[in-house]
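Okay, structure first, notes after.
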Amino acid sequence: MAEHEQNHPAKRPATAARRRSDLGTVLKAGVAALVVLGVAPFFLDIYTVNVLIRALLLAALALTVDLLWGYTGILTFGQSAFFGIGAYACALVFTHWGFGAGWAILALGLGIVAAMAVAALAGWLAFYHGASPLYGSIVTLALPIVLTQVVFAGGRTTGSSSGLSGFPTYYWSIEIWFWIAGAFLVAVTALAWLFVRSDMGRVLVAIRENETRCAYLGIPVSRIKIMLLVAAGAIGAVAGFGYAAFTNVVAPELTGFLLGTELLIWVALGGRGTLIGPVIGAILIDVTSSYLSGSLPFYWKLLVGVLFVVVIVALPQGLMPEVTKLWRRMVPGARRTAKAPTIEPAPVREVAPRVEQPLAVRGVHRHFGSLQVLQGIDFVANEGELLSLVGPNGAGKTTLIRCLADGYERSGGDIKVFGRDLGRGPPDRCVALGIGRKFQTANVFATLTVAECLRVARYRLEPPSIWSSDNTLALPEAARRIVEETGLAESLDTEARHLAHGQKQALELAMVLALEPRIVLLDEPTAGLTRNERERIGAILTSLTERERLSILLVEHDLDFVREISSRVIVLHQGKIVLDGSVKEVVGSELVREIYAGTALDGGGGGP
Amino acid sequence: MGVLLLDIVTTAAILFAVASGLMIILGVMKLINFAHGAFLTIGGYAAYATTQLGWNPWLAIPFAALVGFVLGLIVERAIVRPLYARPLDAILATWGLGIIIGQVITIVFGRQVQFVQSPISGAIEFLGQSYSTYRLVLVALAAVLALALTALLYYTRFGLNARAVIMNEDLARGLGIDSTRVRLTTFGLGAALASMAGALITPLISVDPNLGLPWLVNSFMLVLVSGISIPGLMVASLILGGAQVVVSTYLSAILGGLTIVVLAAVILRIRPQGLFSG
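If you read the protein sequences in the order shown, they are chains A and B. Residue numbering for the first sequence follows the working numbering, starting at 3 and increasing by one per position. Residue numbering for the second sequence follows the working numbering, starting at -2 and increasing by one per position.
Written out as structure tokens, the structure is:
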């Protein structure tokens, strides 16, 4: 992402005024938290302070779980692994190599680097295009199990099952350790807060809500997930290092799967996707556990288990949102609504005159096992052409669209986009070549607002900031027209899930056009729309081809609509192109009539 | 060499028996039951109760299955049913359920390790080796279990309904199959199988409130690698269980402990749908 950040200012000068961040609020809250933490040790007994230090460090770890799971939707069991790596880095260096400021810095550095390397490896394994969310969880489950066994295998060096203890460390007063842990947690929370409220933070939520849509908007989902895991690993390692340096004890349990699941419990109870909830959850539960471990250990754990199940079943968002609701009810005016950004025209990009055709498809075929869904597909699409793909159900229309939008889809054949080979690559490569795809069913990000959805769609052209959000939203003319003409402009701060069906379809179309594609693939864009809405979309599509010279590929069942707006029609039947011609030719064709009547060739498969 | 082969076969049989309950639930309900380990523990304590009551040790197996089935029905109704649309949350809720079961067992039976009387003790001569009789009996029992499960899925009304739900739940419902009931029965069956497996393995290992935990992750991995099919699970248990035995024997027991997890993660990366599916 770094490279994007660098070329951003060149594209559109960002001034402080057009960026909105919570920096002020976060600074105030952070200072307040630091003051509380600063005086707390003087009012608490030594035991509580002791217990709290551990809880503060674990809360930072829980925060990383919230970033991964609560915000991005990666259910992780493995954050304990990074905590363990940091802790063991400290214990191993201090035990075997030496102790002192230099050694401490080295140990911390080693811990962070090792955790980041492990995270990168796990992320590479877990997150690839087409991976199921479950597979990511499997990798994060395997990680702590493997690491615990590595510790066991380490024999004397790692202390095996009994761990390491009694290594030299800084015997600072307990208040100092408390302040270090507290300042670390406040810093991590503040940074995480700015991050999740930034435009990049919205991208994380978009990935959680609809990873497929993200991929087809050209967002490098896997890379973002890997980077996030690497960052979370680094934070975890620092927390683990602090834990080992303070307690002077490390044990294999610190890297274990059970701690990993405990983190999930804290986050779930506190409230996933709220940052503050998990921090409070971690601190409260861990401290209480320490207090009750002597007197009521089993009953307390039972209670936490019951609470956990009840929250997951009945209150999946955890307790924090309930607290917030209560607060808003009691304190009128506490509700802050972020102002929707103002829409402005995106800078018009020079489109170099192209010699090559936008799309040249040769010999594309696709089979599932022995089933041939597409065979011998040859066609070209020209600039300014609105090309309709028609054919009965099962003719292979949607499969063809898929082959054009995802390089991995086709079984064979060549696709050239403006003369460049589409090759084998994930959807974001296709987007980079200028292809935008709209899905058959409205595919938007349910909990993001209309403006946020559009902003996410601009990811590739205007990389989002990771610390702030932009007060303006630049959209190309085509997307702007849709937003204005379909009433979306009035609901920029409405969450997408509250939109009417037609508006969702329009929003997704606007998102695709926000990519500034040169080729637009539309799979039944008018399904379920009213006549009025359909006409409006039709007019926009025609003007896109006429004024901006886009080439549009349209899959459509409504033959009247096709007749009105197409400049050319391709008829697919049983996976082959049977006709490629003008509207007139197709409408007058006996063959097409037979196909739709189900009498053509060898029977055909059902009518429209 | 003979002992190694016997170890591989008996380990595979044990893994198959332990994982089958998890697979039935995942196959029909598309739900990962992280309380699976806790149901194994329940079976272990059912066997312990059988010993304490002075019953015939063989009775532990049906008794454990019954306890598991009844508890499974209750759990499905109370916890699992609201979570069908949220599969990742179901993992967490059943994990929480596992904590609850573990703590209740601890409160009732205490934390200490218990022992269960084995239905058969001693060793017999097999393929020229002296080998634990009970482990060999387990192989026969696992084979019976595989046959019984296959028969249940392919020759009973429940099996037909369950397969219909697996293939296309909406259509099955449209055809008048009570999918809610299929799910309820399936969860009960899966819990019963887990509990029964817990009773089966307890003569080999001691009983404590965390008995099931180490088996949970391995079962989970085996089921995913199997591609959710009974022969698939048999082969997966044989390959991964075999690898575990070989690594434990020739390299180290510690590395053996992570063989299944690591191999499964790699296999699933290459074949996400598992080894034996379509």
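All residues carry an ideal CB built from backbone N, CA and C; glycine is no exception. Predicted, not measured: the structure shown is a model, and the values here were computed from it.
Asked                                                                                                                        : Found
Neighbourhood of S568/A by C-beta distance below 8 Å, restricted to the same chain and skipping five residues each side      : L388, L389, S390, L556, V585
Beta carbon proximity, A155/A to chain B, threshold 7 Å                                                                      : yes
Cβ contact check for the region 174 to 185 of chain B and the region 39 to 59 of chain B: 3 or more pairs under 8 Å          : no
G307/A at chain B interface by Cβ criterion, 7 Å                                                                             : yes
G209/B, enclosing alpha helix (DSSP H) - first and last residue                                                              : Note, G209/B: premise wrong, no alpha helix (DSSP H); not H, not E.
Short CB-CB distance (under 7 Å) between V289/A and chain B                                                                  : no
Beta-carbon proximity of F79/A to A117/A, cut-off 7 Å                                                                        : no
Short CB-CB distance (under 7 Å) between P79/B and chain A                                                                   : yes
Backbone secondary structure at R170/B - three-state DSSP                                                                    : helix
Residues near I88/B in its chain [Cβ-Cβ closer than 7 Å; skip 5 each side]                                                   : I29, F31
Chain A contact for T103/B (CB, 7 Å cutoff)                                                                                  : yes
One or two residues paired with H369/A in a DSSP bridge                                                                      : Q374/A
Cβ of G608/A within 7 Å of any chain B Cβ                                                                                    : Confidence at G608/A is low in this model, with a pLDDT of 39, below 50, so the placement of that residue is unreliable and no value is reported for it.
Assigned secondary structure, K327/A (DSSP; H/G/I helix, E/B strand, else coil)                                              : helix
Residue environment, E324/A, which counts as buried when at least 16 other CB atoms sit within 10 Å                          : exposed
Cβ neighbour criterion (16 or more within 10 Å) applied to L456/A                                                            : buried
F300/A vs G113/A beta-carbon contact at 7 Å                                                                                  : no
Alpha helix (DSSP H) runs contained entirely in the region 44 to 107 of chain B, provided each spans 4 or more residues      : 57 to 72, 84 to 106
Coil, strand or helix - A120/B by DSSP                                                                                       : strand
Residue-chain proximity (Q8/A, chain B), Cβ-Cβ < 7 Å                                                                         : Residue placement at Q8/A is flagged as unreliable, the pLDDT there being 41, under the threshold of 50; the coordinate-derived value follows with that caveat. Closer than 7 Å: no.
Option in L450/A, E492/A, S470/A, M513/A with minimal Cα separation from A479/A                                              : First, the residue type needs correcting, since residue 479/A is Glu and not Ala in the sequence shown. The option with the nearest alpha carbon to E479/A is M513/A.
Nearest residue (CA-CA) to M231/B, options T7/B, F106/B, I251/B, V25/B                                                       : T7/B
Cβ-based neighbour list, Q81/A, same chain, cut-off 7 Å, excluding 5 preceding and 5 following                               : L63, T66, V67, A234, G238, G262, L265
Selection from R158/A, W174/A, S175/A that minimises the alpha carbon distance to S167/A                                     : R158/A
Where D625/A falls: helix, strand or coil (DSSP)                                                                             : As shown, chain A starts at 3 and ends at 610. That puts residue 625/A outside it, with no answer to give.
Chain-order list of residues whose beta-carbon lies under 6 Å from that of T256/B (same chain, five-residue window excluded) : A240, Q241, V244
Inter-residue spacing [alpha-carbon to alpha-carbon] between M26/B and T214/A                                                : 24 Å
Reference G253/B, options V252/A, L230/A, A155/A, closest by Cα                                                              : A155/A
Coarse secondary structure for N9/A, derived from DSSP in three states                                                       : Residue placement at N9/A is poorly supported in this model, since its pLDDT is 41, which falls under 50; the coordinates still yield a value, given next. Helix at N9/A.
Beta strand (DSSP E) runs wholly inside the region 125 to 200 of chain B, at least 3 long, in chain order                    : 126 to 129
CB contact below 7 Å: P11/A versus chain B                                                                                   : Summary for P11/A: the model assigns pLDDT 40, below 50, so the residue's position carries little reliability; its value from the coordinates is reported in the next sentence. Taking Cβ atoms only, chain B never reaches closer than 7 Å to P11/A, which makes this a no.
Neighbouring residues, chain A, relative to W92/B (Cβ below 7 Å)                                                             : T263
Simplified DSSP state of L265/B, which is helix, strand or coil                                                              : helix
Endpoints, the alpha helix (DSSP H) within which G125/A is located                                                           : 103 to 128
When S23/A, L58/A, V205/A are compared against L70/A, the one with the closest alpha-carbon                                  : V205/A
Outcome for D423/A when other beta-carbon atoms lying within 10 angstroms are tallied against a minimum of 16                : exposed
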